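So the structure is just underneath, and the comments pick up after that.
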Amino acid sequence: MTYPDAPGERRTAPEAFPAPSRHPGLRGREGANAPPRRAHAAPEPSGAAARPPTSPAAVAAPAAGGDQGTGPLVRPYTVTGGRTRPKGTGLDMISLVVAARTRIDWRMLEPEHADILRLCRRPVSVAEVSARLDLPMTVVKVLLGDLISRGDVHTRAPRPAAEPPEMNILQAVLDGIRKL
Numbered sequence: 001m002t003y004p005d006a007p008g009e010r011r012t013a014p015e016a017f018p019a020p021s022r023h024p025g026l027r028g029r030e031g032a033n034a035p036p037r038r039a040h041a042a043p044e045p046s047g048a049a050a051r052p053p054t055s056p057a058a059v060a061a062p063a064a065g066g067d068q069g070t071g072p073l074v075r076p077y078t079v080t081g082g083r084t085r086p087k088g089t090g091l092d093m094i095s096l097v098v099a100a101r102t103r104i105d106w107r108m109l110e111p112e113h114a115d116i117l118r119l120c121r122r123p124v125s126v127a128e129v130s131a132r133l134d135l136p137m138t139v140v141k142v143l144l145g146d147l148i149s150r151g152d153v154h155t156r157a158p159r160p161a162a163e164p165p166e167m168n169i170l171q172a173v174l175d176g177i178r179k180l
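Residue 1 is where the sequence shown starts when you use UniProt numbering, and the numbers rise one by one after that.
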């Protein structure tokens, strides 16, 4: 049996299969002496699909092709452990986050959590954290939720403007835009 491996190439499937087990009961109703069943062999996947799964903190190699300069690829669900919602926090994209002034055991943090804490040495918005780490907003909110629940990060809503702008100023801006 042959399978295409790449355009113009062919490879053969292995003909030898492991010997069937001779233990009764392992093959269901057919018994231990039933002929071995052959599974239909599928061609091996190539590219990124052929890589073994990695741990959440591990980083896969860059994708083949034209994406050589884009850096490592880690799927967002691996960073958050499959979670899509933060732990009980009402984070908005303009919420400000700042690292707590407590001792932090950096060795116990995931790399993404450590990166967020380094960014949060001064107050920054959730959107800014997302942009600087090049992570989706939902992933950043989940990671920030972890840090908030541990007490490593504090959050606050941005201060509202003291006074709304005057109507005559807004009208002047609108008139200026219309003249353009």
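Using N, Cα and C, we set each Cβ at its ideal position, and we do this for glycine too.
Since the model is a prediction, treat every value here as computed from it, not as a measurement.
Check, Outcome
"Beta-carbon separation (whole angstroms), Leu135 vs Val97, contact threshold 8 Å", "Not a contact, Cβ separation roughly 14 Å."
"Cross-strand partners of His154 (DSSP beta bridge)", "Val98"
"Separation of Leu117 from Ala99, as counted between CA atoms", "6 Å"
"Closest residue to Glu112 among Ala157, Leu147, Asn168 and Met167 (Cα-Cα distance)", "Leu147"
"Neighbourhood of Met137 by C-beta, 8 Å cutoff - its chain only, sequence neighbours within 5 removed", "Met93, Val126, Ala127 and Ser130"
"C-alpha distance - Ile104 paired with Asp152, whole-angstrom precision", "7 Å"
"Run of the alpha helix (DSSP H) containing Gly176, from where it starts to where it stops", "Met167 to Lys179"
"Beta-carbon spacing of Leu119, Arg132 below 7 Å", "yes"
"Closest Cα partner of Thr155 within the set Ala114, Asp115 and Pro123", "Pro123"
"Distance, Gly176 Cα to Pro164 Cα", "20 Å"
"Cβ neighbour criterion (16 or more within 10 Å) applied to Lys179", "exposed"
"Extent of the continuous alpha helix (DSSP H) to which Leu119 belongs", "Pro111 to Leu119"
"Contact check, Ser95 vs Ala172, beta carbons under 7 Å", "no"
"CA-to-CA distance, Ala114 to Ala49, given in whole angstroms", "No answer about Ala49 holds up, because its pLDDT of 46 lies below 50 and its placement is not dependable."
"Cα-Cα separation, Thr102 to Arg159", "25 Å"
"First and last residue of the uninterrupted alpha helix (DSSP H) at Ala162", "Run containing Ala162: none; DSSP gives neither H nor E here."
"Beta-carbon contacts of Arg121 that lie in its chain and below 6 Å, excluding the five residues immediately before and after", "Ala99"
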